[in-house]
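J.: Going line by line, the protein sequences match chains A and B. Going by the numbering used here, the first residue of the first sequence is number 3, and it counts up by one from there. Going by the numbering used here, the first residue of the second sequence is number 3, and it counts up by one from there. Just so you know, even glycine gets a beta-carbon here, dropped at the ideal spot from N, CA and C. Small disclaimer: the values here were computed from a predicted structure and weren't measured.
2 protein chains.
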Amino acid sequence: MRKSIAIDMDGVIADTEPHLIEWYKNETGISLTPQLINELGEDAAFADKTALHKVLHTQSFFRTVPVMDKAVENVTLLMEDYEIFIVSAAMEFPLSLYEKREWLQEHFPFISWKNIIFCGDKSIIDTDYMIDDYCKNLDFCKGKALMFNAYHNAHINHHIRINHWDEVPELLKTLTY
Amino acid sequence: MRKSIAIDMDGVIADTEPHLIEWYKNETGISLTPQLINELGEDAAFADKTALHKVLHTQSFFRTVPVMDKAVENVTLLMEDYEIFIVSAAMEFPLSLYEKREWLQEHFPFISWKNIIFCGDKSIIDTDYMIDDYCKNLDFCKGKALMFNAYHNAHINHHIRINHWDEVPELLKTLTY
Numbered sequence: 003m004r005k006s007i008a009i010d011m012d013g014v015i016a017d018t019e020p021h022l023i024e025w026y027k028n029e030t031g032i033s034l035t036p037q038l039i040n041e042l043g044e045d046a047a048f049a050d051k052t053a054l055h056k057v058l059h060t061q062s063f064f065r066t067v068p069v070m071d072k073a074v075e076n077v078t079l080l081m082e083d084y085e086i087f088i089v090s091a092a093m094e095f096p097l098s099l100y101e102k103r104e105w106l107q108e109h110f111p112f113i114s115w116k117n118i119i120f121c122g123d124k125s126i127i128d129t130d131y132m133i134d135d136y137c138k139n140l141d142f143c144k145g146k147a148l149m150f151n152a153y154h155n156a157h158i159n160h161h162i163r164i165n166h167w168d169e170v171p172e173l174l175k176t177l178t179y
Numbered sequence: 003m004r005k006s007i008a009i010d011m012d013g014v015i016a017d018t019e020p021h022l023i024e025w026y027k028n029e030t031g032i033s034l035t036p037q038l039i040n041e042l043g044e045d046a047a048f049a050d051k052t053a054l055h056k057v058l059h060t061q062s063f064f065r066t067v068p069v070m071d072k073a074v075e076n077v078t079l080l081m082e083d084y085e086i087f088i089v090s091a092a093m094e095f096p097l098s099l100y101e102k103r104e105w106l107q108e109h110f111p112f113i114s115w116k117n118i119i120f121c122g123d124k125s126i127i128d129t130d131y132m133i134d135d136y137c138k139n140l141d142f143c144k145g146k147a148l149m150f151n152a153y154h155n156a157h158i159n160h161h162i163r164i165n166h167w168d169e170v171p172e173l174l175k176t177l178t179y
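(1) Using a cut-off of 9 Å between C-beta atoms, extract the partners of TYR100 of chain A located in chain B.
(2) Less than 8 Å between CB atoms is the rule here; does THR52 of chain B satisfy it with respect to chain A?
(3) Under 8 Å, Cβ to Cβ, is there at least one residue of chain B near LYS138 of chain A?
(4) According to DSSP, what are the bridge partners of SER6 of chain A?
(5) Alpha carbons only, please: which of B:GLY122, B:ILE158, B:LYS102 and B:ILE86 is nearest the one belonging to ASP130 of chain B?
(6) Here's a check: name, in chain order, each residue in its chain whose Cβ is nearer than 7 Å to the Cβ of LYS144 of chain B, leaving out the five neighbours to either side.
(7) My parser needs the alpha helix (DSSP H) runs of 4 or more residues fully inside the segment 45-95 of chain B; what are they?
(8) Who does ILE127 of chain B pair with in a DSSP beta bridge?
(9) When you compare the CB of TRP105 of chain B with every CB in chain A, is at least one pair closer than 8 Å?
(10) For LYS146 of chain B, which three-state DSSP category applies?
(11) Hey, PHE142 of chain B and VAL14 of chain B: beta-carbon distance below 8 Å or not?
(12) Any residues in the segment 109-125 of chain B with a beta carbon nearer than 7 Å to a beta carbon of chain A? Which ones, in chain order?
(13) Are the beta-carbon atoms belonging to GLU63 of chain A and TRP25 of chain A less than 8 Å from one another?
(14) Taking Cβ to Cβ, would you say ILE158 of chain B is nearer than 8 Å to ASN117 of chain B?
(15) Does HIS166 of chain A pass the burial test, meaning 16 or more other C-beta atoms within 10 Å, or should it be called exposed?
(16) What does a CB cutoff of less than 7 Å around ALA73 of chain A pick up in its chain, not counting 5 residues either side in sequence?
(17) Under 8 Å between the Cβ atoms of ALA152 of chain B and GLU41 of chain B?
(18) Using a beta-carbon distance below 8 Å, is MET81 of chain A in contact with chain B?
(19) Shortest alpha-carbon distance to LYS5 of chain B belongs to which of B:GLY122, B:THR52 and B:GLU82?
(20) Could you name the residues of chain B that SER6 of chain A contacts, counting a contact when the two beta carbons are closer than 8 Å?
(21) At what residues does the alpha helix (DSSP H) containing ILE164 of chain B begin and finish?
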């Protein structure tokens with residue numbers, strides 16, 4: 003049986019961080035930088051919670067997120083050897099459910115609906131590997147955790163870090179599991 | 003740690019079968035009975051695939067499904083002792099995603115968004131128990147399988163059968179696992 007990989011959307015195959023910074027700036031006038039988010043932490047950096055909530059619940063926010071550099075090419079490559087599941091914590095933002103499904107259909111049409119999971123908590127997801135940008139998902143995952151680099155996780159060191167999608171196929175080959 | 007239960011929506015907490023029979027009749031003029039679905043099997047009974055597809059992709063179909071008798075009361079009761087996850091194979095019907103989320107918010111507002119999962123294939127769901135009406139989910143589930151009675155599964159005998167929600171709390175107590 004092929005090994006399975008749960009791949010997150012926001013911050014992993016979707017380049018959500020710069021998109022959020024841009025929309026947050028349009029809403030508040032505040033220009034956040036990667037350095038500031040890294041220094042302050044995500045929660046303190048996006049200090050205006052009303053504006054943040056508004057952005058994340060605005061129609062088309064999730065539909066228009068750009069694709070992460072080389073995600074399509076490398077996910078395509080991984081599908082030759084692994085069972086790929088896209089696992090997104092979409093349930094917090096009801097509007098995003100349909101938009102994320104459409105986004106995947108546009109950018110990753112080769113991924114079957116059978117392999118897409120929208121959830122809240124990822125604790126009941128059981129795959130051999132999980133690629134994610136948040137410890138809240140990686141720390142408790144049942145498989146091998148791989149952390150995709152993000153401004154907000156730059157200070158975390160207890161997971162294997164992925165800096166770019168081009169690293170992933172080789173990295174997986176080197177992991178004995 | 004509390005044991006976890008994955009509970010399906012359609013045919014388990016949502017009384018989808020009679021709802022589908024009614025909408026299918028409105029579309030085709032054909033009156034299906036539980037007996038006929040049981041005898042022919044679901045696939046042969048809903049023979050007009052164009053009409054079936056239309057119904058399942060019509061806005062408000064999933065939003066208006068009635069709640070299964072005593073599902074709310076018994077899920078509420080189970081939440082005292084178990085971690086409850088609602089796991090629905092909603093991904094096949096993109097329109098249903100938002101409607102199912104709204105349906106849950108209306109009828110099961112006490113279930114957190116963190117405990118809702120919309121997926122395709124349920125093979126990567128890992129809970130201690132799974133309550134579902136389809137073998138395609140139950141046969142491969144990682145926990146203990148419990149089959150919720152439906153017209154279409156009346157002939158299947160290799161899972162413990164639940165005939166009514168009122169049976170569930172006692173049944174779970176008797177299962178050593």
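T.: According to the data block:
(1) PRO96, LEU97, LEU99 and TYR100
(2) no
(3) no
(4) A:GLU85
(5) B:ILE86
(6) ASP128
(7) 51-58 and 73-80
(8) A:ILE127
(9) no
(10) strand
(11) no
(12) SER114, TRP115, LYS116, ASN117, ILE118, ILE119, PHE120, CYS121, GLY122 and ASP123
(13) Note on residue identity: the sequence assigns Phe, not Glu, to residue 63 of chain A. Yes, Cβ-Cβ distance for PHE63 of chain A and TRP25 of chain A is below 8 Å.
(14) no
(15) exposed
(16) ILE15 and TRP167
(17) no
(18) no
(19) B:GLU82
(20) ILE126
(21) From DSSP, ILE164 of chain B is part of no alpha helix (DSSP H) but of the beta strand (DSSP E) over 162-164.
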